[in-house]
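First comes the structure, then the notes that go with it.
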Amino acid sequence: MEQLDEIKNSGLLEEYVLGTATPEEQARVQALMERYPEIREEVEALAQALEQYGQLHAVTPPAPLRARILDAIDQLDTPASAAAPAPVLTASRPARGLYWALGAAASVALIATVTSVVFYQQKEAAESELLALQTQIEAAQQENSRLIAFTDQLRQQNDVLRDTNTTAVPMTGLPLAPEALAVVYVNGKDQQAYLNVLNLPEPPAGSQYQLWGIVDGTPVSMGVFDVATPEGLLQKVPFVGLAQAYAVTLEKAGGSPTPTLEQMYVMGQVG
1 MEQLDEIKNS
11 GLLEEYVLGT
21 ATPEEQARVQ
31 ALMERYPEIR
41 EEVEALAQAL
51 EQYGQLHAVT
61 PPAPLRARIL
71 DAIDQLDTPA
81 SAAAPAPVLT
91 ASRPARGLYW
101 ALGAAASVAL
111 IATVTSVVFY
121 QQKEAAESEL
131 LALQTQIEAA
141 QQENSRLIAF
151 TDQLRQQNDV
161 LRDTNTTAVP
171 MTGLPLAPEA
181 LAVVYVNGKD
191 QQAYLNVLNL
201 PEPPAGSQYQ
211 LWGIVDGTPV
221 SMGVFDVATP
231 EGLLQKVPFV
241 GLAQAYAVTL
251 EKAGGSPTPT
261 LEQMYVMGQV
271 G
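Structure representation (structure tokens):
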């Protein structure tokens with residue numbers, strides 16, 4: 001029994017199970033398995049333990065390994081034609097085979113885990129960069145659309161201003177705001193009108209300026225407007241035909257159906 005324990009602790013059985021034993025060592029282990037049931041049980045236990053470890057860590061053992069071991073065990077059940085010579089027991093050797101294999105399997109599992117984490121982090125970083133790039137592209141597209149619209153408005157108003165059918169009607173300040181100034185550009189042929197606010201006091205909260213076209217002494221609303229406009233851009237306003245004058249009054253927000261005459265800031269006659 002002491003010699004059997006020495007064989008178990010030598011590492012020979014582990015190398016046999018792992019397939020790293022030499023042909024001579026394999027023949028010796030097979031002879032030991034045939035002669036000693038205890039050795040046979042030890043080999044079976046080692047093979048099963050290695051397979052379970054490989055499954056646990058997603059490292060599949062070599063496919064022919066288990067089959068080869070089981071075939072060798074099955075062959076032991078067939079009576080031999082001659083009695084095998086008693087094996088010669090040698091000095092013990094370091095039990096390194098199984099530990100090396102288990103360590104290698106653990107290393108593979110660790111590398112796979114680290115690789116998965118790295119790939120996941122790279123994927124997350126790439127998705128974040130892509131999202132930031134998409135946001136920048138969308139912002140650039142919106143800015144481009146705004147610039148196109150702005151340029152189109154400038155082109156349209158410049159066409160009107162250069163047209164010989166366009167009339168400029170300056171509206172100068174009244175006693176409420178002597179320095180106030182605005183200009184209405186009217187094109188009767190194309191029925192277009194633009195307002196250029198040059199100087200008007202900022203309206204108080206809840207109030208808006210309203211433009212009027214005066215036709216035969218009757219004020220006709222041309223809508224409310226804001227004082228601040230993009231640089232170089234006029235405000236397009238509704239066209240009122242046959243107006244003899246234009247004026248601006250301060251009204252409540254949203255405008256009024258009739259002008260508040262005591263809140264008139266600028267006025268200008270046509271012609």
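Heads up: the sequence shown at position 162 corresponds to 162 in UniProt numbering, and the numbers run straight through without jumps. Glycine included, C-beta positions come from ideal geometry on N, C-alpha and C.
Would a C-beta distance cut-off of 8 Å place residue i and residue j closer than the cut-off?
{"i": "residue 278", "j": "Q269", "result": "Coverage of the chain is limited to positions 1 through 271, which leaves residue 278 absent and any answer about it impossible."}
{"i": "V266", "j": "V248", "result": "yes"}
{"i": "V227", "j": "L261", "result": "no"}
{"i": "residue 325", "j": "E25", "result": "In this structure the chain extends from 1 to 271, so residue 325 is not present and cannot be described."}
{"i": "N187", "j": "N165", "result": "yes"}
{"i": "L147", "j": "L233", "result": "no"}
{"i": "L198", "j": "A182", "result": "yes"}
If you reduce the DSSP assignment to three classes, tell me which class residue i lands in.
{"i": "T20", "result": "coil"}
{"i": "N165", "result": "coil"}
{"i": "N196", "result": "strand"}
{"i": "L174", "result": "coil"}
{"i": "F119", "result": "helix"}
{"i": "V151", "result": "Per the sequence shown, residue 151 should be read as Thr rather than Val. T151: helix per DSSP, three-state reduction."}
{"i": "L13", "result": "helix"}
{"i": "residue 284", "result": "What the structure shows of the chain is the stretch from 1 to 271, and residue 284 is not part of that stretch, so it cannot be assessed."}
{"i": "P219", "result": "strand"}
{"i": "A182", "result": "strand"}
{"i": "P203", "result": "coil"}
{"i": "K236", "result": "strand"}
{"i": "Q208", "result": "strand"}
{"i": "Q263", "result": "helix"}
{"i": "Q141", "result": "helix"}
Taking all protein chains shown into account, do 16 or more other C-beta atoms lie within 10 angstroms of the C-beta of residue i, making it buried, or fewer, making it exposed?
{"i": "L32", "result": "buried"}
{"i": "L130", "result": "exposed"}
{"i": "L50", "result": "buried"}
{"i": "F119", "result": "exposed"}
{"i": "E34", "result": "buried"}
{"i": "P259", "result": "buried"}
{"i": "P175", "result": "exposed"}
{"i": "Q210", "result": "buried"}
{"i": "Q121", "result": "exposed"}
{"i": "A140", "result": "exposed"}
Among the options, which has the Cα closest to the Cα of residue i?
{"i": "A193", "options": "W212, P257, Q142", "result": "W212"}
{"i": "G255", "options": "E138, K236, M222", "result": "M222"}
{"i": "V169", "options": "L147, Q244, P219", "result": "Q244"}
{"i": "residue 272", "options": "L242, T151, K123, A205", "result": "With the chain running from 1 to 271 in the structure shown, residue 272 is simply not present."}
{"i": "T229", "options": "V215, E202, I214", "result": "E202"}
{"i": "V237", "options": "P175, Q191, K8", "result": "Q191"}
{"i": "F225", "options": "V29, P219, Q235, K189", "result": "Q235"}
{"i": "R28", "options": "I7, E138, Q141", "result": "I7"}
{"i": "T218", "options": "Q208, Q30, L242", "result": "L242"}
{"i": "N9", "options": "Q30, T20, T22, I39", "result": "I39"}
{"i": "D5", "options": "A21, T20, Y36, Q30", "result": "Y36"}
Beta-carbon of residue i versus every beta-carbon of chain B: anything under 8 Å?
{"i": "L242", "result": "No chain B appears in the structure shown, which is made up of a single protein chain."}
*asked:* Counting beta carbon pairs with one atom in the region 12-22 and one in the region 37-51, are three or more of them shorter than 8 Å?
replied: Touching, per the Cβ criterion.
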